[in-house]
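The structure under discussion appears below in the form of structure tokens.
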Amino acid sequence: MNHPIEIQQISKRFGKKVVLHDINLTIEQGQIYGFIGPSGAGKTTLVKMIVGMDEPDTGTIHVLNKKVPNLDLLQDIGYMAQADALYLELTGEENLKFFASLFKLKKTETKERIAYVADLVGLTNELSKKVSAYSGGMKRRLSLAIALIQNPKILILDEPTVGIDPELRLSIWNELLRLKKEENKTIIVTTHVMDEAERCDIVAMVRDGIILTKGAPAELKARYNASSFDEVFLQAGRGE
Amino acid sequence: MRTTAVIKRIFRQMIRDKRTLGLLFIAPLLILSLMYLIFNGDTVEPKLGVFNADKGLVHQLKESEVNVKTYQSNDKQLIKEDDLDGFLQIKDNDIILTLENSDPSVSKTLEVKVKQAAAAFSQSKLLNKNPSLAQMPKESIQTHYVYGNDKTASFDVLSPVLVGFFVFFFVFLISGIGLLKERTSGTLERLLSTPIRRWEIVAAYLVGFGLFAVIQTIIVVVYSITILDINVVGSVWNVMLINLLLALVALSLGTLLSAFAASEFQMIQFIPIVVVPQVFFSGIFPLEGMANWLQAISKIMPLSYGADALKGIMYKGFGLGDIWKDIMVLAIFAVIFIFLNVIALKKYRKL
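The structure is reproduced here in structure tokens:
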């Protein structure tokens, strides 16, 4: 039982609408795990449950062998929501410092981490600017930097690449791959862009609250005899 | 401390938002000054047209500060033409008074003055006919005041309520919108994805915005006393205490209600529902004549307790012993609202 994330028989409904139905999955240490599916499929609800911000109606989630929700667990999870969620009146550095203090980082550690994550997302020279003067892409990068500030073991990113230019998208993905390889972090990513699926170690295709299919990208393509992920998604959907 | 970090952040954001600071600190002073000027304006002598009246009566009227104009005709149109407040004529020893009555309070004053003048006039006529009556002890009325004195203006009675109201209103608005901004921008959700506890956030908001409320309270109270020269018979410290309690209630109520607003506009919509009715029940209008169920409503309005206590201290010179009940009720309101705030954050994170 040494999987960092284990999800067992999760179901959730909002009123009459079933948002998630009987989800089971395990995520291995050092994997990039992608949830792929159209908006409204239940991806955001699922990742929020892993963080512990939303509760399932039935089923259990264990993260790092602790039952979710657990306040101490949040120290080990870096979460980046769809909204940038930044304080516009503050500078980039003040935003990072603020979140560092919420994770109770020591002063020297805070300094090191800020320098590290700012360099990672390429914002070192923009840190003293107010966030209100940032471009959309810079805000996204700062948001990612905040998710990394406390050096979490698990990184959960909800649509990290939505609405940003291809170059930045590439650099974010390169960063995620590096974090996986060099720091052995477990990373969960949601996206509705099919070609991002190829970069994940394991992909789960989500639609209408159920997982249509899951597996390594190459394996999925072979299984459905498909040349692209769009095709895999369509085939898996029809097979339902 | 995580709470300290949030307090620091709130402080930084507020200081950079100059306009909001201006609203918080300057706007109450501006409105209070305007109210002061309006309520303390000199009373204008009512204008009265007179026809066929005795000179003695006219003299009496002038004595009691009525602007009398004598006419040779008896045409009611004169009221409209000459912009009079009333017209008086004597017909077979009867006094007929016609009032313009676009402002009932002016009419009342004029009516009373005419009655008094007529009474004094007939008394002096009686004396002329029968001088022996003059030996009788002259009636005189001495007026004593329980609170205030004959110089008391409406503003002196209103000002305690107004001071309390402005502290309540502006703190309610700014703290409510402050937390709302955090909700709509998603930062509250992000805040709750860190190991911070829900009560730590509520505490930080209370202290962070509370500090600004303290500064505002001090500015408003000091300005009222020194510049506007509002009487404070009781202790200034007690005035501060009540205003701070009011600010705390406003702060916790504002942040609580922001949970039920989806936008700044919806937050503003709470003002006519939550804030304005409190003004009606805070003692600006007399409550005694209201229906019982209406009086009962005033019991659930925090501002009515604050206003009651402030009137007690500032106008009647009450001490803490006289207003402890108001203090208790305000404190209970604050505790309930704070508790509900912690619960309301469950919307974002169950734990």
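From first to last, the protein sequence lines stand for chains C and E.
Residues in the first sequence are numbered consecutively from -1, following this note's numbering.
Residues in the second sequence are numbered consecutively from 2, following this note's numbering.
For glycine and all other residues, C-beta sits at the position ideal for the given N, C-alpha and C.
- Counting the other Cβ atoms within 10 Å of the Cβ of D52(C) gives 16 or more, which makes it buried.
- Secondary structure at Q7(C): strand, using DSSP grouped into helix, strand and coil.
- Between Q217(E) and L31(E), the beta carbon gap of about 13 Å keeps them out of contact (Cβ cut-off 8 Å).
- At a cut-off of 8 Å between C-beta atoms, A131(C) does not count as an interface residue with respect to chain E.
- Under the criterion of beta carbons closer than 8 Å, S259(E) and G177(E) qualify as touching, at roughly 5 Å.
- Contact between T4(E) and E201(E) holds: CB atoms are separated by about 5 Å, below the 8 Å threshold.
- In terms of CA proximity to L175(C), C198(C) leads the group I112(C), C198(C), D156(C) and I154(C).
- When C-beta distances to chain E are compared with 8 Å, the residues of the segment 29 to 50 of chain C below that value are V49 and G50, in chain order.
- Of all residues in the segment 200 to 233 of chain E, none has a C-beta nearer than 7 Å to a C-beta of chain C.
- No Cβ-Cβ contact shorter than 8 Å links F122(E) with G50(E).
- Counting only runs of 3+ residues, the beta strand (DSSP E) found wholly inside the segment 111 to 157 of chain C occupies 152 to 156, in chain order.
- For I27(E), the secondary structure class from DSSP, reduced to helix, strand or coil, is coil.
- With a threshold of 8 Å between beta carbons, P196(E) makes contact with chain C.
- By the CB criterion at 8 Å, G209(E) and F12(E) fall inside the cutoff.
- Taking a 10 Å sphere around the C-beta of I8(C), we find 16 or more other C-beta atoms and assign the residue as buried.
- DSSP, read as helix, strand or coil, puts N150(E) in coil.
- The segment 184 to 199 of chain E and the segment 66 to 78 of chain C touch, with no fewer than 3 CB-CB distances between them shorter than 8 Å.
- Looking from the CA of S253(E), the closest CA among L192(E), I337(E) and L295(E) belongs to I337(E).
- For Y77(C), no alpha helix (DSSP H) segment is defined; the enclosing uninterrupted segment is the beta strand (DSSP E) at I75 to M78.
- Taking a beta-carbon distance threshold of 8 Å, A297(E) does not count as an interface residue toward chain C.
- Ranked by Cα distance from G87(E), the options D93(E), N75(E) and N94(E) are led by N75(E).
- Within chain C, the residues whose beta carbon sits less than 8 Å from that of Q14(E) are Y85, E87 and L88, listed in sequence order.
- Near chain C, meaning a CB-to-CB distance below 8 Å, the residues of the segment 167 to 192 of chain E are S186, G187, T188, E190, R191 and L192.
- According to the DSSP assignment, N68(E) belongs to the beta strand (DSSP E) that extends over N68 to Y72.
- Within 10 angstroms of the beta-carbon of F12(C) lie fewer than 16 other beta-carbons, which makes it exposed.
- At least one CB atom of chain C sits nearer than 8 Å to the CB of R17(E).
- Residue state for T195(E) is assigned as coil, using DSSP reduced to three classes.
- Annotation: the continuous beta strand (DSSP E) that includes H60(C) extends over T56 to V61.
- Per DSSP, the unbroken alpha helix (DSSP H) holding L100(C) starts and ends at G90 to L100.
- Across the set A216(C), G38(C), I30(C) and N182(C), the C-alpha of G38(C) shows the shortest separation from the C-alpha of H190(C).
- Beta-bridge annotation (DSSP): Y31(C) is paired with I186(C) and I200(C).
- Judged by DSSP secondary structure, V51(E) falls within the beta strand (DSSP E) whose first and last residues are K48 to F52.
- Looking from the CA of N172(C), the closest CA among E194(C), I154(C) and G161(C) belongs to E194(C).
- Contact with chain C is found for A6(E), since one of that chain's Cβ atoms lies less than 8 Å from the residue's Cβ.
- Taking C-beta separations shorter than 8 Å and ignoring five residues to either side along the sequence, the partners of I226(E) in its chain run V233 and V237, following chain order.
- Identification of chain C residues near K351(E) by a Cβ-Cβ cut-off of 7 Å yields E53 and P67, ordered along the chain.
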